[in-house]
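J.:
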């Protein structure tokens, strides 16, 4: 009797690609529900927006999905010239729903609908189809669409606040607030404007559609790891590296443990780490390659947040590391063949992390120290008066003793002016006492010509003492 | 760390039935092949042979091929062997008298020296009956201290090793005892799957009288029967190329029974147990057949095929070869014939680089990267496809149902 | 019509051989800059090819490349001086890309591969073909980039001192279309790729 021949194991496993994608969508459902609750239901019931305006987020998501399917269908039909039946068959294998949903979840709530159509079209055609379709793209298609939108239409996207938050909160997102404060500050300055850190965790802060609720994202991560759907090493090492670097920064600038937690819980870091960086096609396939990829992503994100004007840095770092996936795979393969090479790569990682922390700390303290070049050496209190011993940078170093009473400077005694070569000019103009007269309005006093450095030195003393008095009163 | 997957055993359907004896066949076709190396024929048409006459030889190591029946040599023609190729076979007609070349019965089977033992194994043409067909005497040549008997049988549907343990457990234990004494080995560990009660109960009756034979259960996973995994589960050792480096010999339990028969009666392998099973066959059963039997005649007498989209597999469903005809010749290393219903049409998708094949591969190579670089020979050399043992786990776990094991086979040929 | 198409696009240096792309991507932010660059390259190409073809017997094999670079550099310096005198806005707009023409692959490549081994008339025709092809393609790309990127078409603005004209067309200025992504280098690459693809497809369809 004759039989047909086929290859391979004849025992079937129940796993398949469509099941993996379905599980990813299931993990996204709570996040979508929360964003609808926050941006549609609360806005409709608590402000006077119309029903059509409140339903805007739902339209965004649906339109993004429809555009992804339509753009792929057009590409299959007109550029690859398949017949209609083949087109539909290829569409079902191509899973274009995932970039559609993810793109709509990273955009802010007030995005106009035509921007989403253009973005989804660009994302699917230029981010996925021209490389060969599903399974062969180099870059994450949702992030390519987001890049297109933020590069061309950034002014139209508008703020991240929905109509309800515009009434109750004010100002920018937490990360732009951080950047404007030069990255250091107290808990009150950075966090309290939006509530406590628990608000960040649950999701009642402004942000884009999907990225606000960190608690739901962590649940999704746990669900996806247990069912072995995503590469769980990448988010762990990504978020871990960001935590380590910001923790080291917070140790050196005397901020508490809330600072690294704030960095992790703000912005699109968790959403990008769990859903974007772990896209299976655009991330490394070997285990050590994934670890290396995650750590490099963390280093890049922290560098972009602190050194450039990007407040977030997540999208750019993921797109950048997408180019280096074959390199990470080569590293993972060499470690698999020869386990001792791990130590070289661990050394490289340690160098990256320590250099980044060093440069960040340098930048922050440089900015802090260089405010006014005056050092307060000693403070003494005598009854109502406070006596300060200061050293200020003039031409050389000026040392003086300043007496303050009731918040006003009474006298300045110059104890050391040996480095000042043109001191006689200042003596002639009685500059020190003039400076005391002008202490409320010190910048309007001109420096003595011929001895500007020394004059500035005395002006800076007045500024610094008044500033420290103001800080003491708080 | 052992990489494993869990498979459904499906062993109950064939082990509950009794052994059916089909050794009374009228013609046998003895294949002239050992360990995938073709052998030279030493007989001619018309010669008379008895059980144990030499009819072929493997030239590079002088390993003989013996006749399993007594009768007349009819012809030398090509028939289908278990790897799918057509191999020269000696066609002998069976006169059913069972005349043996040299009748011999040894009283004390421990009374051999080591050199005599190795010479006996070579003369009786004992080779691995678990599928490898490796000449057994080569394994015993060095200094060994531990013997491991492999009764794990991790592939689904296979029960031939369990059947022989059920019927001949006393003889197997005597054989093991003799091997230990002849080769001055310390102990023997019989490895079996911990939920396999047939093997456990058949040995438990007699095992107390042997103090250096220990029954060792292993966990139920695939590929538990692989040499490296057995040594790791049972003893915890690892080795680089062959287990003889650390003084361990691993033998299949059917091979141990043949060694017992060689020690006791000085005769080679003439019969073996083959499992016929699968969800496309009406009556799964174990049969006792002569070496060289044509399986299609046996299958017709037992039951019928059920289903439309059937596959006829020599071996188990994970590692076996799918054959185009059911005229398969039984050789010493054929353990089972499986008939599977391949009804569901599976969508093949593109590789999504999920990494599951790399996670589960027991030899630590990367099948997905081999598939991506299938055209570039320089890249393939860095990926070491020659380490592949053909277990099929990569194709099993792939969510896109890619043909990964075949890609690694092709890559292996290219790298040579 | 088909003949003109074949003449211009068959062995086009930008679309088929992808030579000299740095000027194409950097200069084409306005239409005016691109067509003037195209005219400059046409003139320089013709002159260089003629001169190279004249002295091709005298030059030794080993020092060909420096000699040709000196020829090209001389001609470009003369043109640079002209432009800086008569239209300083244009000179500032070109920036470094005008001196960079010295090592542009189109000029050097055609000198090395064609003019050094063919007669004067053949080199002149080859230079004409390459130069016209380059001019047409760079003008198309400049036109599209300025149209989509800033919504205007500048036909004469920076050389107004020379000709006394000012001619800018404002096409549209709404929310969707002047999309400043086309003024960046990323947009330039995408547009170049699309133009390349379309014209190659039409070319193959003709053949």
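Chains as they are written, first to last, in the working numbering: chain A, -1 to 472; chain B, 874 to 1289; chain C, 14 to 220. Note that CB positions come from ideal geometry on N, CA and C, so glycine has one too. The structure displayed is predicted, hence computed values, not measured ones.
How many Å lie between residue 880 (chain B) and residue 1067 (chain B) at the Cα?
T.: 14 Å
J.: Do residue 400 (chain A) and residue 427 (chain A) have their C-beta atoms closer together than 8 Å?
T.: no
J.: Taking DSSP as the reference, what is the three-state secondary structure of residue 356 (chain A)?
T.: helix
J.: Taking the continuous beta strand (DSSP E) assigned at residue 1065 (chain B), which residues delimit it?
T.: 1060 to 1066
J.: Excluding the 5 residues flanking residue 376 (chain A) on each side, which residues of the same chain have their C-beta closer than 6 Å to its C-beta?
T.: 387
J.: With C-beta atoms as the reference, is residue 1287 (chain B) less than 8 Å away from residue 1236 (chain B)?
T.: no
J.: Using a Cβ cut-off of 8 Å (strictly closer), state whether residue 149 (chain A) contacts chain C.
T.: yes
J.: Give me whichever residues DSSP pairs with residue 1209 (chain B) in a beta bridge.
T.: BP columns for residue 1209 (chain B) point to B:1148.
J.: Strictly under 8 Å for the Cβ-Cβ distance: is residue 139 (chain A) near chain B by that measure?
T.: no
J.: Could you tell me whether the Cβ atoms of residue 283 (chain A) and residue 1241 (chain B) are closer together than 8 Å?
T.: yes
J.: Mapping DSSP to helix, strand and coil, what is residue 118 (chain A)?
T.: If DSSP states are grouped into helix, strand and coil, residue 118 (chain A) belongs with the helices.
J.: For residue 890 (chain B), does the count of other Cβ atoms within 10 angstroms reach 16, so buried, or fall short, so exposed?
T.: By the neighbour-count rule (16 or more Cβ atoms within 10 Å), residue 890 (chain B) is not buried but exposed.
J.: Establish whether the CB of residue 184 (chain A) and some CB of chain B are separated by less than 8 Å.
T.: no
J.: Quick check on residue 84 (chain A): does DSSP put it in helix, strand or coil?
T.: helix
J.: Any chance you could list the alpha helix (DSSP H) runs of at least 4 consecutive residues sitting entirely within the stretch 1055 to 1118 of chain B, in chain order?
T.: 1070 to 1077 and 1100 to 1107
J.: Buried or exposed, going by whether 16 or more other CB atoms sit within 10 Å of the CB of residue 1017 (chain B)?
T.: buried
J.: Under three-state DSSP, which class holds residue 875 (chain B)?
T.: coil
J.: So is residue 1265 (chain B) buried or exposed if we call it buried at 16+ other beta carbons inside 10 Å?
T.: buried
J.: Can you give the Cα-Cα distance for residue 24 (chain A) and residue 201 (chain A), rounded to whole angstroms?
T.: Going by C-alpha positions, residue 24 (chain A) is about 19 Å away from residue 201 (chain A).
J.: Would you call the stretch 966 to 985 of chain B and the stretch 1113 to 1128 of chain B in contact, with 3 or more CB pairs under 8 Å?
T.: no
J.: With DSSP as the reference, identify every bridge partner of residue 1123 (chain B), one or two as the case may be.
T.: B:1021
J.: Look at the Cβ atom of residue 1003 (chain B), then the Cβ atom of residue 1009 (chain B), and state whether they are nearer than 8 Å.
T.: no
J.: Which term fits residue 313 (chain A), buried or exposed, when burial requires 16 or more other beta carbons within 10 angstroms of its beta carbon?
T.: buried
J.: Got a sec: is the Cβ-Cβ distance from residue 1285 (chain B) to anything in chain A below 8 Å?
T.: no
J.: What does residue 406 (chain A) pair with, by DSSP beta-bridge criteria?
T.: A:403
J.: Hey, quick one: how far does the beta strand (DSSP E) through residue 373 (chain A) stretch, first residue to last?
T.: For residue 373 (chain A), the uninterrupted beta strand (DSSP E) segment begins and ends at 372 to 380.
J.: Name the two residues that bound the continuous alpha helix (DSSP H) containing residue 920 (chain B).
T.: No alpha helix (DSSP H) holds residue 920 (chain B); DSSP gives it neither H nor E.
J.: What is the DSSP secondary structure of residue 1172 (chain B), reduced to helix, strand or coil?
T.: Correct three-state label for residue 1172 (chain B): helix.
J.: Would you tell me roughly how many angstroms separate the C-alpha atoms of residue 322 (chain A) and residue 96 (chain A), rounded to the nearest one?
T.: 23 Å
J.: Ignore the nearest five residues each way along the sequence and tell me which others in residue 951 (chain B)'s own chain have a CB closer than 8 Å to its CB.
T.: 959, 960, 961 and 962
J.: Can you name the residues of chain A whose CB is closer than 8 Å to the CB of residue 186 (chain C)?
T.: Within 8 Å Cβ-Cβ: nothing; residue 186 (chain C) doesn't reach chain A, min ~14 Å.
J.: Please classify residue 83 (chain A): is it buried, with 16 or more other beta-carbons within 10 angstroms of its beta-carbon, or exposed?
T.: exposed
J.: Nearest to residue 164 (chain C) by alpha carbon, out of C:148, C:154 and C:183?
T.: C:183
J.: What would DSSP say about residue 414 (chain A), mapped onto helix, strand or coil?
T.: Residue 414 (chain A) falls in the strand class under three-state DSSP.
J.: Under 8 Å, do residue 1243 (chain B) and residue 1187 (chain B) count as touching if we go by C-beta distance?
T.: no
J.: Could you confirm whether any beta carbon from chain A is found closer than 8 Å to the beta carbon of residue 216 (chain C)?
T.: no
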